[in-house]
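Worksheet: one structure, shown below.
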Amino acid sequence: MENYHSLVKRQKAFFQSNQTKDLSFRMAALQSLRTSIQTNESELMAALKSDLNKSEFDAYSTEIGVVLEEIRFTLSRLRSWVKPKKVRTPLTHTGSKGFIYPEPYGIAFIISPWNYPFQLAAAPLIGAIAAGNCAIIKPSELTPNTSEIFAKLIKEIFPEDYIAVVEGGIDTSEALLQEDMDYIFFTGSVPVGKIIMEAASRNLTPLTLELGGKSPCIIHEDAKIKLAAKRIAWGKFMNAGQTCIAPDYLYLHGRIKDVFLRHLKEAIKELYGVRPLENPNFTRIVSEKHFQRLCSFLSNGDIYSGGKTKRDKLLIEPTVLTDITWDDPVMEEEIFGPILPVLVYTELPEVIEGIRNHPNPLSLYLFSEDKRVQKEILESVSFGGGCMNDTVYHFASPYLPFGGVGASGMGAYHGKGSFDTFSHQKSVLKQTTSFDIPFRYPNIKNGLQKI
Ligand code: NAD
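In the UniProt record's numbering, the protein residues as written are 1 to 451.
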């Protein structure tokens, strides 16, 4: 196992030189990152095409564009975020002032997955830089072309002592976890999240876990059916369903079942074509192993639409499965592919019970015009975040911190949330020396003392 001791030691020394804490240093770093992404845009797109067959539209709208927007948002607000915040003091602290200083942790270790291989490596890095940290990023080995371009891009603009990308697989990740990092930011699966948390506990390293799970999408009987179908087809099948916040399964009200499914089929056709496997822009499944795993679900229930596959190209059609129950294998784990099982319900309590009986989802989507139904779901079910009458879109708002709860993760990022995640809140009381209030001392009469 390779030893990253020297890299970590050099980054610690760089951090301790205090350069990264300077606001203009951080702003300049973010500006360089932005320029470099813009300069390398076509190379990044080509890498995403070869790793996942992502179209230019998808590569820009779900990866490059998202990262550039996050940089723009951060640059426009960083000056105010870095300022110490003055807070109130209670009567017992008369004469003193309270401040909260956001302070960088030191070295942020970012481990990222393959499904949005550029965005999920770069977006946390923006937070780490903005907060004044050094960073080591371990991107996914399953998307080697994107990881390579990312490593090249970072190497061109930052010294390794400040920001380093270390390419490699599980061994590399494990070797880096042996080092004394100051913060760990992990995006990936639940089982690996547990391993990361255990490793973090060795040095009591604080961490964020951005994990996954089965995100439900409820379509109530009063939903605007056609619009719901289109927004669901978009959120589920983009990136061939390999999105942590994609609707994993539908809870569909029985009364609108047939009409909704017809609209869903139409929406899929409209967005991905009549023969999606022939569509040169349809994202492929990342690996043979995942392809096999997903194909095994195609025998669950009945195929309502889709179902065709192309093994040599690792492609699976957007597929809707009906006649599904919680006992089917497709309902046992996060699907993470273009397969959408449909559960049918008649009363909302069934839905609430079904979701509550499973780990807290990363996202939840509800399509209903009824505010009472929305309130009931919001108050009854715990989930990371989500949308009313849409799917996935909450992810793109920098004003909404993004993260899971329970088994879907801990901590959150995006916008100010990223800056806060990578900052320790250092609370400081600045006391007066003009007088002393003796209440706290034993054996001294109450009253003001002149110093
Ligand atoms: P993964 O957990 O297999 O791998 C993620 C990263 O961890 C990779 O860089 C990998 O090299 C590393 N890793 C794998 N095994 C390891 C080990 N034993 N020790 C140390 N490091 C290890 O996840 P994945 O397959 O790349 O991504 C898919 C998962 O990620 C899905 O569960 C999805 O829901 C989740 N995800 C979550 C979010 C989010 O923002 N919450 C975003 C995207 C993906």
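Cβ atoms here follow ideal geometry from the backbone N, Cα and C, with glycine treated the same way.
Predicted model, so just to flag it, every value in this text is computed and none were measured.
Would a check of beta-carbon distances place residue i closer than 8 Å to chain D?
| i | result |
| --- | --- |
| aspartate 161 | Among the chains in the structure shown there is no chain D, since it carries only a single protein chain. |
Between the Cα of residue i and those of the options, spot the shortest distance and give me the residue it belongs to.
| i | options | result |
| --- | --- | --- |
| serine 173 | Gly417, Ile111, Gly273, Leu209 | Ile111 |
| isoleucine 71 | Asp51, Arg26, Ser380 | Arg26 |
| aspartate 312 | Leu343, Trp81, Val286, Asp436 | Val286 |
| residue 470 | Ile137, Leu23, Pro442, Gly384 | Shown here, the chain extends from 1 to 451; a query on residue 470 therefore has no answer. |
| lysine 83 | Thr94, Ile100, Gly95 | Ile100 |
| aspartate 161 | Pro438, Met388, Phe367, Ala13 | Ala13 |
| glycine 404 | Val392, Pro191, Ser382, Met388 | Ser382 |
| aspartate 327 | Pro341, Leu314, Gln16 | Pro341 |
| phenylalanine 291 | Ala240, Gly132, Pro280 | Ala240 |
| proline 401 | Gly384, Leu177, Thr391, Glu156 | Gly384 |
| threonine 432 | Leu348, Ser76, Thr94 | Thr94 |
| isoleucine 324 | Gly235, Ile64, Leu343 | Leu343 |
| tyrosine 60 | Leu52, Leu44, Ser50 | Leu44 |
| threonine 35 | Ser147, Phe158, Ala199 | Phe158 |
| leucine 75 | Gly386, Ala130, Leu277 | Ala130 |
| isoleucine 184 | Phe422, Ser434, Pro280, Phe435 | Phe422 |
| isoleucine 170 | Ala164, Ile154, Gly193 | Gly193 |
| histidine 220 | Glu347, Ala135, Ile195 | Glu347 |
| valine 8 | Ile137, Leu52, Phe297 | Ile137 |
| glutamine 119 | Lys86, Glu141, Ile64, Ala128 | Ile64 |
| aspartate 370 | Pro359, Arg356, Trp81, Met388 | Met388 |
| valine 392 | Glu41, Phe260, Thr62, Tyr441 | Thr62 |
| serine 17 | Ile107, Pro90, Ser434, Glu266 | Ile107 |
| glutamate 379 | Leu261, Val428, Ile355 | Ile355 |
| tyrosine 272 | Leu176, Lys230, Ala128 | Lys230 |
| alanine 122 | Pro139, Phe282, Cys134 | Pro139 |
| serine 96 | Phe435, Pro442, Gly306 | Phe435 |
| threonine 322 | Leu314, Val87, Lys308, Ile339 | Ile339 |
| histidine 253 | Val274, Asp222, Leu91 | Asp222 |
| valine 274 | Arg293, Pro318, Arg88, Asn133 | Pro318 |
| serine 215 | Leu78, Met331, Asp51 | Met331 |
| glycine 411 | Ile218, Pro359, Leu211 | Leu211 |
| arginine 88 | Ala28, Gly386, Lys430 | Lys430 |
Could you give the C-beta distance for residue i and residue j, rounded to a whole number, given that I count them as a contact under 8 Å?
| i | j | result |
| --- | --- | --- |
| lysine 316 | glycine 337 | Just to set this straight, residue 316 is isoleucine in the shown sequence, not lysine. Right, the Cβ-Cβ distance comes to about 6 Å (below 8 Å), so this counts as a contact. |
| tyrosine 345 | valine 320 | Incorrect: roughly 17 Å between the Cβ atoms, too far for contact. |
| tyrosine 105 | histidine 424 | 6 Å |
| threonine 143 | proline 124 | With 8 Å as the limit, threonine 143 and proline 124 do not qualify as a contact, their Cβ atoms being about 16 Å apart. |
| lysine 226 | histidine 263 | 5 Å |
| glycine 213 | alanine 407 | 6 Å |
| glutamate 278 | histidine 5 | The Cβ separation is near 51 Å, so there is no contact. |
| isoleucine 37 | valine 66 | 11 Å between Cβ atoms; not a contact. |
| valine 166 | leucine 176 | 6 Å |
| valine 233 | isoleucine 268 | Correcting the residue identity first, residue 233 is alanine in this sequence and not valine. About 5 Å; that satisfies the 8 Å criterion. |
| phenylalanine 73 | proline 398 | 5 Å |
| phenylalanine 419 | glycine 127 | 6 Å |
Starting from residue i, trace the alpha helix (DSSP H) in both directions and tell me its first and last residue.
| i | result |
| --- | --- |
| valine 8 | 5-16 |
| serine 32 | 23-39 |
| alanine 128 | 119-130 |
With residue i as the anchor, note down where its beta strand (DSSP E) starts and where it stops.
| i | result |
| --- | --- |
| leucine 348 | Careful: leucine 348 lies outside any beta strand (DSSP E), inside the alpha helix (DSSP H) at 348-356. |
| threonine 319 | 319-322 |
| residue 452 | Look at the range of the chain in this structure, 1 to 451, and you will see that residue 452 is not part of it. |
| isoleucine 109 | Isoleucine is not the amino acid found at residue 109; the sequence shown has phenylalanine there. Run containing phenylalanine 109: 107-111, per the beta strand (DSSP E) assignment. |
| isoleucine 305 | Checking the sequence shown, residue 305 turns out to be serine, not isoleucine. Looking at the DSSP string, the run of the beta strand (DSSP E) that includes serine 305 is 302-305. |
### Query
For the segment 43-100, which segments carrying the beta strand (DSSP E) assignment without a break, of at least 3 residues, lie completely within its bounds, in sequence order?
Within the segment 43-100, the complete beta strand (DSSP E) segments of 3 residues or longer fall at 85-87, listed in chain order.
### Query
Going along the chain, which unbroken runs of the alpha helix (DSSP H) with 4 or more residues stay wholly within the segment 359-428?
Every unbroken stretch of the alpha helix (DSSP H) spanning 4 or more residues and falling wholly within the segment 359-428 is given here in chain order: 371-380, 416-421.
### Message
Runs of 4 residues minimum, wholly inside the segment 138-223: which ones carry the alpha helix (DSSP H) assignment?
### Response
Fully enclosed alpha helix (DSSP H) runs of no fewer than 4 residues occupy 144-157, 170-177, 190-202 of the segment 138-223, in order along the chain.
#### Entry: Length at least 4, wholly inside the segment 236-292: the alpha helix (DSSP H) runs in chain order
Whole alpha helix (DSSP H) segments, 4+ residues: 257-272.
### Query
Would you call the segment 244-254 and the segment 360-368 touching, i.e. three or more CB-CB distances under 8 Å?
Enough Cβ pairs lie closer than 8 Å, so yes.
### Query
Is the segment 192-208 touching the segment 366-374, taking contact as three or more C-beta pairs under 8 Å?
Between the segment 192-208 and the segment 366-374, the count of Cβ pairs shorter than 8 Å is below three; the stretches do not touch.
### Message
Quick check: the segment 133-147 against the segment 40-59, are at least 3 beta-carbon pairs closer than 8 Å?
### Response
Note that the segment 40-59 touches the segment 133-147; at least 3 beta-carbon pairs, one per stretch, sit closer than 8 Å.
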